[in-house]
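To start, the structure under review is shown below, and the notes come after it.
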Amino acid sequence: MLKILASRLRQGHRTNAFPEEVPPMPDRFRGLPELPGEPCPGGCRACVDACPTEAIGEGPRITLDLGRCLFCTACTDACPEHTLRFTDEFRLATRAREDLLAAPGEAYRVAGALEAKALALFGRSLKLRVVSAGGCNGCEVDVNVLGTIGWDLGRFGIQVVASPRHADAVLICGPVTRNMELALAKTLAATPDPKLVIAVGACAISGGPYRDQEEQLCGAVGAGIPVDLFIPGCPPHPLTILDGLLRLLDRVK
Amino acid sequence: MTSAPISNGTAIPLSEVPALPFPDFQEFIVEACGDDHRLVALFAGQDLEGFAVLASGAGPVLRVVRTTIPAAGFPSITPRCPEAHLFEREIAEQRGLKIFGHPWFKPVRYHRALGTPRDAWDRTAPIQPGVAPFYRVEGRQVHEVGVGPVHAGVIEPGHFRFQCSGETVFNLEIALGYQHRGIERTLAGGPHRSTLKHMETASGDTTIGHLWAHCLAMEGLLDLEVPLRANLIRAVALELERLANHTGDLGAIAGDVGFLPTMSYCGRLRGDWLNMTAALCGSRLGRDLLKPGGVRFDVDAARVEDLRGRLEATAADTLNAVDLIWHTPSVLARLEGTGRVIPAQAKNIGLVGPAGRACGLDRDVRRAHPFGPFQEAAIPGVNEDMGDVAARARVRAQEIQSSVEFLRWALDVLRALPPGPIEVQAPRALPPDHLALGMTEGWRGEVVHLAVTDGDGRFSRYKIVDPSFHNWTGLALALRGEEISDFPLCNKSFNLSYCGFDL
Ligand code: SF4
Ligand code: SF4
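Note that the protein sequences, when read in sequence, are chains A and B. All residue numbers for the first sequence refer to the numbering used here, where the first residue is 1 and numbers rise by one. All residue numbers for the second sequence refer to the numbering used here, where the first residue is 254 and numbers rise by one.
Take a look at the structure:
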């Protein structure tokens with residue numbers, strides 16, 4: 001018992017102060033991309049060819065679909081001009097699929113809050129049912145960590161629950177494999193209306209690294225499920241996930 | 254000469270791999286496993302070319318043989334060599350072959366055969382995962398409990414079917430395949446642009462373990478000498494991956510017996526270990542750090558200093574949090590004797606990793622088939638033999654110690670190393686008609702990658718064996734005679750990968 005108390009003193013209070021303070025991010029973290037404003041010289045498309053997920057749009061100017069991006073930097077490595085780079089901006093969640101398209105010179109449309117009626121329902125308490133639908137368990141790792149004392153998701157009234165009957169929202173990870181299609185449909189059907197759907201990770205938004213596989217449906221979007229919040233990344237940083245959830249609930253601006 | 258020798262991280266021409274008549278191939282496996290060998294991989298290619306890779310306790314060199322598998326199906330060796338049971342089912346499912354006399358002949362991942370209309374179970378209707386007869390215990394007192402695929406919490410999908418009398422579990426059968434996304438199917442014809450990502454996400458919590466195994470296979474094929482610097486950085490990342498997950502697992506085990514101090518501290522500390530990986534490459538899971546030929550991010554002197562400081566602080570807190578378990582009798586009482594796998598059974602089914610080491614099986618790729626810096630820095634063996642939850646916890650605790658010691662050593666070597674290249678250029682073309690082997694000791698155990706190239710230097714077959722492939726059967730055995738309410742605890746003590754199994 002004394003050992004437990006001594007250990008309690010030693011381990012201290014370690015919940016980070018987000019959203020009041022932003023915890024330090026690793027210097028090599030890759031967030032919102034910064035794209036060249038000018039067309040690339042000589043019709044260069046090195047980044048387009050390097051990308052494993054066809055996330056980079058071919059126009060006269062470069063656009064980047066964060067719903068497909070794995071933040072792998074194959075593109076920035078390939079870019080001979082070093083005009084393409086990733087910033088440390090972690091606020092990446094959006095409310096609409098098309099808002100995930102980053103374009104040069106345009107402000108990124110990060111997620112806004114729920115409409116007043118939904119906010120009245122869910123703003124102070126949001127219960128999540130998590131369905132892992134064919135991903136790599138990476139997104140699950142970074143969703144899970146929000147439940148630890150380092151993040152303490154419960155302080156915002158957000159909690160993972162053990163039954164869809166108790167849930168306000170279904171949080172989906174993974175590209176939705178054909179082998180999970182039925183289980184996901186049943187979970188959605190068992191979650192009472194009105195409900196929200198949150199897509200976490202490139203897989204759940206677009207199929208991620210598996211988007212060409214016939215064994216999957218290209219995420220919640222590909223499976224035709226209406227999504228209320230898109231959280232990009234492979235996996236998204238826990239801060240990106242938490243920021244997205246809090247934006248939805250109008251807890252950060 | 255009935256088999257060819259192959260070492261970890263090397264490739265050999267296919268012509269050097271003896272092609273045995275199928276019955277001799279099977280006898281070779283049975284005899285070797287009855288001797289001091291174990292089955293590392295057994296798999297079939299598109300054209301029914303079969304391969305077996307075996308390891309022995311005697312030395313680092315493995316043995317490989319091949320054959321042509323009869324399209325009409327074949328008699329099972331599982332009754333004589335139980336560790337082949339899932340490999341045989343996998344061959345049946347992937348190639349649409351019938352296997353006769355297999356004691357439990359069911360699909361593995363629930364998909365159609367690859368590139369052939371044949372089906373081992375003559376199914377014509379669309380395939381649904383988990384839809385096949387489950388093992389049943391009959392009797393008036395017996396009841397059946399089904400759990401999953403969707404679970405309470407943030408957990409991957411799988412279906413668990415228990416046969417119980419009251420609280421007591423007679424049998425647990427585990428049906429997987431829900432995460433199946435066709436990784437091995439796609440790799441044939443590769444490498445592709447998506448290949449490195451598929452390797453990193455074969456089991457995303459083992460990003461380094463899997464990608465390093467792939468790199469070893471590729472570097473074997475291309476005959477590349479990876480700079481020491483790069484190998485040290487890889488090894489640092491691999492041990493950080495182990496530390497994060499072992500710490501998380503010990504916290505989860507504590508949580509499942511309601512011991513909140515260790516659970517809470519370890520939950521946070523796991524994040525601290527992940528953040529150290531993020532300091533290496535920006536990703537908490539070590540994404541995009543490795544590539545064939547080297548690494549993509551250097552670790553300079555300032556970063557070594559930073560990591561060295563964080564290592565000591567995080568290690569001290571972790572050991573302090575874990576230590577509470579051994580000093581709390583009410584926690585130990587719940588762990589000891591629970592979820593036992595008998596060592597003889599563990600050997601029979603081919604358990605690997607910490608679960609195997611908890612049963613006295615000294616299997617660790619870093620020791621047995623060393624790769625990279627593990628060729629110089631010996632990792633101490635850890636062997637418990639009770640095979641219960643407590644033993645699996647103790648193995649993890651000891652490995653936390655040895656990983657910390659390894660990191661101290663590796664970071665010191667890195668600090669003393671003059672700046673230099675972190676990669677060698679990898680040529681594009683792979684040699685034709687070769688077989689390459691890459692193995693690492695991921696935090697769950699042995700990660701095996703086998704690449705076979707065709708006449709054009711493309712993969713004709715690429716086989717991945719995640720440690721979970723062997724170890725899920727261990728969890729099923731651990732539940733026999735246990736109370737069903739101890740399932741979460743037993744499950745956490747294994748903490749296996751669904752996606753790594755399902756591929
Ligand atoms: S960082 Fe994103 S856009 Fe760039 S190559 Fe990788 S996936 Fe494509
Ligand atoms: S988005 Fe990336 S991390 Fe998340 S499940 Fe898919 S592959 Fe894994």
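Idealized CB from N, CA, C, for every residue including glycine. Keep in mind the model is a prediction, meaning the values are calculated, not measured.
Residue i classed as buried or exposed, judged by whether at least 16 other C-beta atoms fall within 10 angstroms
i, result
"B/A663", "buried"
"B/L513", "exposed"
"B/Y518", "buried"
"A/T15", "exposed"
"A/M1", "exposed"
"B/A644", "buried"
"A/L9", "exposed"
"B/W696", "buried"
"B/G535", "buried"
"B/S656", "buried"
"A/V131", "buried"
"A/F210", "It should be noted that the sequence gives Tyr, not Phe, for residue 210 of chain A. A/Y210 should be labelled buried."
"B/V398", "exposed"
"B/D638", "exposed"
"A/L5", "exposed"
"B/T448", "buried"
"B/E391", "exposed"
Distance between residue j and residue i (C-alpha atoms, nearest Å)
i, j, result
"B/I408", "A/G135", "11 Å"
"A/H237", "A/L32", "12 Å"
"A/C44", "A/V141", "37 Å"
"B/L742", "B/H580", "19 Å"
"B/Q654", "B/R362", "37 Å"
"A/R165", "B/L660", "46 Å"
"B/E478", "B/G546", "7 Å"
"B/G590", "B/H499", "21 Å"
"A/L248", "A/K195", "13 Å"
"B/L315", "B/A272", "16 Å"
"B/D559", "B/H622", "31 Å"
"A/L171", "B/A630", "44 Å"
"B/N424", "B/W526", "37 Å"
"B/A531", "A/M25", "9 Å"
"B/A689", "A/A118", "56 Å"
"A/D49", "B/C334", "48 Å"
"B/G640", "B/D615", "13 Å"
"B/A554", "B/A483", "14 Å"
"B/V400", "A/P192", "21 Å"
"B/D375", "B/T369", "13 Å"
Cross-chain neighbours of residue i in chain A, by beta carbon under 8 Å
i, result
"B/D502", "By Cβ distance, chain A contributes nothing, its closest Cβ being about 13 Å from B/D502, past 8 Å."
"B/S256", "Residues of chain A passing the Cβ test: none, with the nearest at roughly 34 Å."
"B/P402", "M180 and A183"
"B/C612", "Within chain A, no residue comes near B/C612; the closest Cβ sits about 25 Å away, beyond 8 Å."
Contact set between residue i and chain A, taken where Cβ atoms lie within less than 9 Å
i, result
"B/Y715", "Chain A residues near B/Y715: none, gap ~15 Å exceeds 9 Å."
"B/Y363", "N179"
"B/D458", "C136, N137, G138, E140 and V141"
"B/P328", "What B/P328 touches in chain A: nothing, since even the nearest Cβ is about 30 Å away."
Neighbour list for residue i in chain A, Cβ cutoff strictly below 7 Å
i, result
"B/S517", "I149"
"B/L577", "K3, I4 and S7"
"B/E409", "S132, N137 and E140"
Nearest-angstrom beta carbon gap, residue j and residue i [assumed within contact, 8 Å]
i, j, result
"B/D289", "B/G312", "Not confirmed; about 11 Å, so no contact."
"B/G603", "B/L267", "Contact flag wrong, Cβ pair sits at about 26 Å."
"B/I282", "B/I322", "That belief does not hold up - the Cβ atoms of B/I282 and B/I322 are roughly 13 Å apart, past 8 Å."
"A/G287", "A/V176", "Chain A is shown only over 1 to 253; residue 287 of chain A falls outside these bounds and no answer can be derived."
"B/E492", "B/G462", "Incorrect: roughly 11 Å between the Cβ atoms, too far for contact."
"B/L503", "B/T515", "7 Å"
"A/T94", "A/G208", "Rounded, the Cβ-Cβ distance is 16 Å, inconsistent with contact."
Under 7 Å from the C-beta of residue i: neighbouring residues of chain B
i, result
"A/Y210", "R434"
"A/L216", "Rather than Leu, the amino acid found at residue 216 of chain A in this sequence is Gln. Ordered by position in chain B, the residues that pass the 7 Å Cβ test against A/Q216 are R434."
8 Å Cβ cut-off: residues of chain B touching residue i
i, result
"A/L182", "Q381"
Partner residues on chain B for residue i, Cβ-Cβ distance less than 9 Å
i, result
"A/P29", "Rather than Pro, the amino acid found at residue 29 of chain A in this sequence is Phe. Chain B residues near A/F29: A531, G535 and S536."
Relative to chain A, which residues along the stretch 539–572 of chain B have a C-beta separation below 8 Å, given in chain order? R540, D541, R549, F550 and D570
Residues from the stretch 64–95 of chain A in contact with chain B, defined by Cβ distance under 9 Å: L70, F71, C72, T73, A74, D77 and F86
Using Cβ-Cβ distances below 7 Å, what residues of the stretch 648–670 of chain B are close to chain A? none
For the stretch 161–174 of chain A, list every residue whose C-beta sits within 9 Å of some C-beta in chain B, in sequence order. V161, A162, S163, P164, L171, C173 and G174
Please identify, using Cβ separations under 7 Å, the residues of the stretch 187–198 of chain A that lie next to chain B, in order along the chain. T187
Selection of the stretch 229–247 of chain A by Cβ proximity to chain B, strictly under 9 Å: C234, P235, H237 and P238
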